[in-house]
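Peer 1: I am attaching a structure below and will ask some questions about it afterwards.
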Amino acid sequence: MTSTSAEGIAAAAKAAGKKGLPPVHLWNPPFCGDLDIHIKRDGTWFYLGTPIGRPELVRLFSGVLRRDGENYFLVTPVEKVGIKVDDVPFVAVDFDQDGEDLVFTTNIGDSARAGTEHPIRVEIDAATGEPTPYVHIRADLEARIDRKSFYRLVDIGEHAPHDGDSWFGLRSGGRFFPIIASADLI
Numbered sequence: 010m011t012s013t014s015a016e017g018i019a020a021a022a023k024a025a026g027k028k029g030l031p032p033v034h035l036w037n038p039p040f041c042g043d044l045d046i047h048i049k050r051d052g053t054w055f056y057l058g059t060p061i062g063r064p065e066l067v068r069l070f071s072g073v074l075r076r077d078g079e080n081y082f083l084v085t086p087v088e089k090v091g092i093k094v095d096d097v098p099f100v101a102v103d104f105d106q107d108g109e110d111l112v113f114t115t116n117i118g119d120s121a122r123a124g125t126e127h128p129i130r131v132e133i134d135a136a137t138g139e140p141t142p143y144v145h146i147r148a149d150l151e152a153r154i155d156r157k158s159f160y161r162l163v164d165i166g167e168h169a170p171h172d173g174d175s176w177f178g179l180r181s182g183g184r185f186f187p188i189i190a191s192a193d194l195i
């Protein structure tokens, strides 16, 4: 642990993000250690083991969140601190259809129109066969699509050719996103 504080990161994030999301991809500050911030699989952010109850603070932290490889960091122009993320940092809690496009909304208020820049992917658990869907939100950060939204997506899915076979999947942004091979559906 370092002397870096969540309050210091929040102040720097607020100053840097006055005109939208800060350009964390351009910043290369020194690594200052880990901060006891943990994002659980359900999208809840914790600081020192306690849930962060202020949505505006979570939103502020999420604006300076960056993923480098498999690790997640809060980054300001002068410091970079590691945090723990169970799965991915965001949860897509809803979606709307806008014509033929799917527009996802996350637990922190971000939105992403699924397509080339915001692809949908599905991981299948090898042991249980259970699918876990994700949508890219921004800058190598993804949201896990929550169960209720995934069930709604399955209702509007379709079968289409993919890699020489028929797949069940979703269309958005002029692309087809495969979920499962049609032959594997029962």
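With the numbering used here as the guide, the letters of the sequence shown map in order to residues 10 to 195.
We treat Cβ as the ideally placed atom computed from N, Cα and C, and that holds for glycine.
Model, not experiment: these values are computed from the prediction.
I'd like to check one pair, A152 with V112: are the Cβ atoms closer than 8 Å?
Peer 2: Working through the sequence shown from its first residue, we reach residue 112 at position 103. Working through the sequence shown from its first residue, we reach residue 152 at position 143. No; because the gap between Cβ atoms is not below 8 Å, this pair is not in contact.
Peer 1: Going along the chain, which residues of its own chain have a beta-carbon closer than 6 Å to the beta-carbon of F186, five neighbours each way excluded?
Peer 2: Residue 186 sits at position 177 when you count from the first residue of the sequence shown. Only I129, G178, L179 meet the Cβ criterion.
Peer 1: Would you grab the beta carbon distance between G91 and G183 for me? Rounded to a whole angstrom, and I think it's under 8 Å.
Peer 2: For the purposes of this step, residue 91 is taken as residue 82 along the sequence shown, with counting starting at 1. For the purposes of this step, residue 183 is taken as residue 174 along the sequence shown, with counting starting at 1. At roughly 37 Å, the Cβ-Cβ gap does not stay under 8 Å, so G91 and G183 are not in contact.
Peer 1: How far does the alpha helix (DSSP H) with V144 in it reach, from first residue to last?
Peer 2: Residue 144 sits at position 135 when you count from the first residue of the sequence shown. It is not in any alpha helix (DSSP H) - V144 instead sits in the beta strand (DSSP E) that spans 140-147.
Peer 1: By the three-class DSSP mapping on this structure, what secondary structure does D164 have?
Peer 2: On the sequence shown, position 155 is the one that residue 164 refers to. DSSP places D164 in helix when its eight states are reduced to three.
Peer 1: Thinking A121 and Y56 are a contact (beta carbons under 8 Å), I'd like their distance in whole angstroms, please.
Peer 2: Position 112 of the sequence shown, counted from the start, is the residue given in the question as residue 121. Position 47 of the sequence shown, counted from the start, is the residue given in the question as residue 56. Contact flag wrong, Cβ pair sits at about 26 Å.
Peer 1: Would a C-beta distance cut-off of 8 Å place E79 and C41 closer than the cut-off?
Peer 2: Residue numbering aside, residue 79 sits at position 70 when the sequence shown is read from its first letter. Residue numbering aside, residue 41 sits at position 32 when the sequence shown is read from its first letter. No, the pair does not count as a contact, with Cβ atoms beyond the cut-off.
Peer 1: To the nearest angstrom, how far is it from the Cα of P31 to the Cα of D174?
Peer 2: Counted from its first residue, the sequence shown places residue 31 at position 22. Counted from its first residue, the sequence shown places residue 174 at position 165. Straight-line Cα distance between these residues: approximately 43 Å.
Peer 1: Could you check whether A148 and R68 sit closer than 8 Å to each other, using their CB atoms as the reference points?
Peer 2: Counting from one through the sequence shown, the residue named residue 68 turns up at place 59. Counting from one through the sequence shown, the residue named residue 148 turns up at place 139. Cβ atoms of R68 and A148: not closer than 8 Å.
Peer 1: Are the Cβ atoms of V163 and I154 separated by less than 8 Å?
Peer 2: As a position in the sequence shown, residue 163 is number 154, starting the count at 1. As a position in the sequence shown, residue 154 is number 145, starting the count at 1. No, these two residues do not count as a Cβ contact at 8 Å.
Peer 1: Taking the straight line between their C-alpha atoms, what separation do you get for W176 and T85?
Peer 2: Looking up residue 176 in the sequence shown gives position 167. Looking up residue 85 in the sequence shown gives position 76. The straight-line gap from Cα to Cα measures roughly 43 Å.
Peer 1: Work out the CA separation of T59 and H47 for me, nearest whole Å.
Peer 2: In the sequence shown, residue 47 corresponds to position 38, counting from 1. In the sequence shown, residue 59 corresponds to position 50, counting from 1. Going from the Cα of H47 to the Cα of T59 covers about 9 Å.
Peer 1: If you draw a straight line from the alpha carbon of D110 to that of K93, how long is it in whole angstroms?
Peer 2: Residue numbering aside, residue 110 sits at position 101 when the sequence shown is read from its first letter. Residue numbering aside, residue 93 sits at position 84 when the sequence shown is read from its first letter. Rounded to whole angstroms, D110 to K93 spans 33 Å at the Cα level.
Peer 1: Looking only at its own chain, which residues have a Cβ that is under 6 Å from the Cβ of I61, when we skip the five neighbours before and after it?
Peer 2: Within the sequence shown, numbered from 1, the residue matching residue 61 stands at position 52. Hits under 6 Å: W54, V67.
Peer 1: Using the three-state DSSP reduction, which class does H171 fall into: helix, strand or coil?
Peer 2: The residue you call residue 171 lines up with position 162 of the sequence shown. Judged by DSSP in its simplified three-state form, H171 adopts strand.
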